[in-house]
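Report on the following structure.
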Amino acid sequence: MDQLILQFFNVEVMAKAWPLLLRGLGMTALLCLAVIPLGLLGGLLAALASTSQSRWLRWPTVALIDLFRALPPLVLLIFVYSGLPFTGLQLPPFLAVVIAFLLNNSAYYGEIIRAGLISVPAGQSEAARSTGLTQSQTLIHVVLPQALRNVLPDLISNSVEVVKMTSLASVVSLAELLYSADMARSVTYNASPITLAALIYLILLWPVVRLMSRFQRKIAI
Amino acid sequence: MSAWDRFAETFLNGEVLARYLPSILGGVWVTVELSLLIVVAGILLGTALACLRAYRIAPLSLLIVVFADVFRSLPPLVLILMGYFGLPNVGFTLSAFAVLFVILTLTLAAFTEEIVWAGITATPKGQWEAARSTGMGFSQTLVWVVLPQAVRMVIPPLTNRAIAITKMTALGSVIGVPDILNQATTAQSFSGNASPLLLASALYVLLFLPLVIASRRLEARFAWRT
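Keeping their order, the protein sequence lines are chains A and B. Just so you know, our numbering puts 248 at position 149 of the first sequence, and the rest follows in order with no gaps. Just so you know, our numbering puts 60 at position 58 of the second sequence, and the rest follows in order with no gaps.
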């Protein structure tokens, strides 16, 4: 038991690793700030294209969405980071992560927003068009607000997954929270820095996870 | 050499592919085996926990909720590194395969518990009352009446989650599980050629695309959102 505490909950080691982990947390925050808005934007475009009237737009989009949902994010990341350099395109880790996650997240957010768009009754856009609103006005002022509200819990849950996914960036040695913790672990031969990182993720994400559970229950009943 | 030739030599190099095909196919087996084990164990454990929670024994329910919340909040890679590098130092050495299996099973169980529990609470109260009034016990009602309806209701989200978590078997490559990704990155660094990576990506698509398409069909059929 003592050994377990010494190995996983060593306060001394944690204190020493703390400044490094804080810097890592900053990088994780930066990644989230880049990846979540970009993913939402890409997802919105994907959703609009996959619900478009034109089948020439709809089918390729759905195929791309399914392709990126079938690829594990880590595979995509490693392909972008260490496969593309063979074409002469050497990306810095941060950019590689942003591109790989943009492709993955656009597919996931895209599916969620698409479900939202479908959930808005056709009468809504017909009524809006008949009042003289143009197609894009109808979309922006009438359909989209309702669509996004209907799938808000799913959008938030997916964003939690995105924050968790940023830990994959450690594999391409981007110094985010998990990478910093693992550095500290390999220097101290002690797993406590990773426990500390886990606690930080837990403090950040648990409230959101709990909130979503309660929210979904309210909808279910 | 034309641009296409250069591209083909880098990404579709037959010689390199032929040399590393056996090891990468071995990786396919590891990925498939792990995925099946995780899906079966994770869904069974998660469903069992959701059923236990239905008995509403306060301390037990609290434990289950805390377990599910923690494993839904933590990135699996954090737990994998913790298990793989931390446990041996306390005299508890697990193989990389075992660590990956345990962590991803617990993660899937946590999500399954939450999803199935939502299904159980969404089953109309009248179903409980009707079953109990025919003389069935609480456990009988839960297993034979409520659970089948609950599971049916939550099949689409459960399928999506199971796919997302089995895709995470690729994380095993970080701790040296010889899965598709691990074999491909090894082959790539030995050969100095990107073809193994492209092959690995193609294999993942081959494995998971049918599942993704099936889940899309399921979603349309069960119409989870009304």
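A virtual CB, placed ideally from N, CA and C, is assigned to each residue, including glycine.
Contact under 9 angstroms by Cβ, residue i with residue j
i: Val174 of chain A; j: Leu51 of chain B; result: no
i: Leu102 of chain B; j: Gly48 of chain B; result: no
i: Leu119 of chain A; j: Ser279 of chain A; result: yes
i: Asp253 of chain A; j: Ile211 of chain A; result: yes
i: Leu209 of chain B; j: Ile26 of chain B; result: no
i: Phe167 of chain A; j: Ala206 of chain A; result: yes
i: Leu79 of chain B; j: Leu267 of chain A; result: yes
i: Gly88 of chain B; j: Ile104 of chain A; result: no
i: Ala148 of chain A; j: Leu81 of chain B; result: no
i: Phe107 of chain A; j: Val104 of chain B; result: no
i: Thr160 of chain A; j: Gly209 of chain A; result: yes
i: Ser193 of chain B; j: Arg21 of chain B; result: yes
For residue j and residue i, believed in contact at Cβ under 8 angstroms, the rounded distance
i: Ala169 of chain A; j: Leu211 of chain B; result: 4 angstroms
i: Gly215 of chain A; j: Val250 of chain A; result: 4 angstroms
i: Leu54 of chain B; j: Leu62 of chain B; result: 6 angstroms
i: Pro180 of chain B; j: Gly85 of chain B; result: So it is not a contact: roughly 18 angstroms between Cβ atoms.
i: Ala162 of chain A; j: Ala283 of chain A; result: Wrong, their Cβ atoms sit about 43 angstroms apart, outside the cutoff.
i: Thr150 of chain A; j: Arg213 of chain A; result: 6 angstroms
i: Thr187 of chain B; j: Ser175 of chain B; result: 6 angstroms
i: Thr136 of chain B; j: Ser37 of chain B; result: Actually they are not in contact, since the Cβ atoms of Thr136 of chain B and Ser37 of chain B sit about 41 angstroms apart, beyond 8 angstroms.
Within chain B, partners of residue i - CB distance below 9 angstroms
i: Tyr300 of chain A; result: Ser75, Leu76, Pro77 and Val80
i: Ser181 of chain A; result: Thr187, Gln190, Ser191, Ala196 and Leu199
i: Gln315 of chain A; result: Glu116 and Ala120
i: Lys115 of chain A; result: By Cβ distance, chain B contributes nothing, its closest Cβ being about 17 angstroms from Lys115 of chain A, past 9 angstroms.
Under 8 angstroms from the C-beta of residue i: neighbouring residues of chain A
i: Tyr206 of chain B; result: Ala169, Leu170, Pro171 and Val174
Beta-carbon proximity list for residue i, same chain, < 8 angstroms, skipping 5 on both sides
i: Ile320 of chain A; result: In this prediction, Ile320 of chain A scores a pLDDT of 43, lower than 50, which makes its location untrustworthy; the coordinate-derived value is nonetheless stated afterwards. Around Ile320 of chain A: no qualifying Cβ.
i: Pro306 of chain A; result: none
i: Pro158 of chain B; result: Ser217, Leu220, Glu221, Phe224 and Trp226
i: Thr107 of chain B; result: Leu39, Ile40, Ala43, Gly44 and Leu47
Cβ-heavy atom distance, residue i to the ligand PLP, below 8 angstroms
i: Ile212 of chain A; result: Among the ligands in the structure shown, none appear at all, so the ligand PLP cannot be discussed.
Contacts of residue i in chain A (Cβ-Cβ under 7 angstroms)
i: Asp71 of chain B; result: Trp305, Val308 and Arg309
Chain-ordered neighbours of residue i on chain B, where CB pairs are closer than 8 angstroms
i: Ile177 of chain A; result: Leu183, Thr187 and Leu199
Close-in-space but distant-in-sequence residues of the same chain around residue i (CB under 6 angstroms, 5 per side omitted)
i: Ala172 of chain B; result: Leu183
is_contact[residue i, chain C] using C-beta, thresh 9 angstroms
i: Thr49 of chain B; result: In the structure shown, chain C does not exist; the protein chains are A and B.
Spatial neighbours of residue i in its chain, beta-carbon cut-off 7 angstroms, leaving aside the 5 residues before and after
i: Arg313 of chain A; result: none
i: Val196 of chain A; result: Leu130, Leu176, Ala268, Val271 and Leu273
i: Val112 of chain A; result: Thr287, Asn289, Ser291 and Pro292
i: Ser203 of chain B; result: none
i: Val308 of chain A; result: Val259
i: Ser4 of chain B; result: none
Interface partners of residue i on chain B, CB under 7 angstroms
i: Ser312 of chain A; result: Glu116
i: Ser266 of chain A; result: Pro77, Leu79 and Val80
i: Thr294 of chain A; result: Met84
Query raised in the report: Counting Cβ pairs closer than 8 angstroms, one from the stretch 113 to 130 of chain A and one from the stretch 267 to 280 of chain A, do we hit at least three?
Result: Per the Cβ contact rule, the stretch 113 to 130 of chain A is in contact with the stretch 267 to 280 of chain A (3 or more Cβ pairs under 8 angstroms).
Query raised in the report: Do the stretch 131 to 142 of chain B and the stretch 195 to 211 of chain B meet, that is, are 3 or more Cβ pairs less than 8 angstroms apart?
Result: No, the stretch 131 to 142 of chain B is not in contact with the stretch 195 to 211 of chain B.
Query raised in the report: Is the stretch 145 to 155 of chain B close to the stretch 91 to 106 of chain B, with three or more CB pairs under 8 angstroms?
Result: Look at the beta carbons and you see the stretch 145 to 155 of chain B not touching the stretch 91 to 106 of chain B: under three pairs across the two are nearer than 8 angstroms.
Query - Stretch-stretch touch, CB-based, cutoff 8 angstroms, three pairs: the stretch 199 to 206 of chain A with the stretch 138 to 154 of chain A - result: Under the 8 angstroms Cβ criterion, the stretch 199 to 206 of chain A counts as touching the stretch 138 to 154 of chain A, having at least three qualifying pairs.
**Report entry** Three-pair Cβ contact test at 8 angstroms for the stretch 128 to 137 of chain B versus the stretch 59 to 74 of chain B
**Finding:** As far as the Cβ criterion goes, the stretch 128 to 137 of chain B does not touch the stretch 59 to 74 of chain B, which means the pair count is below three.
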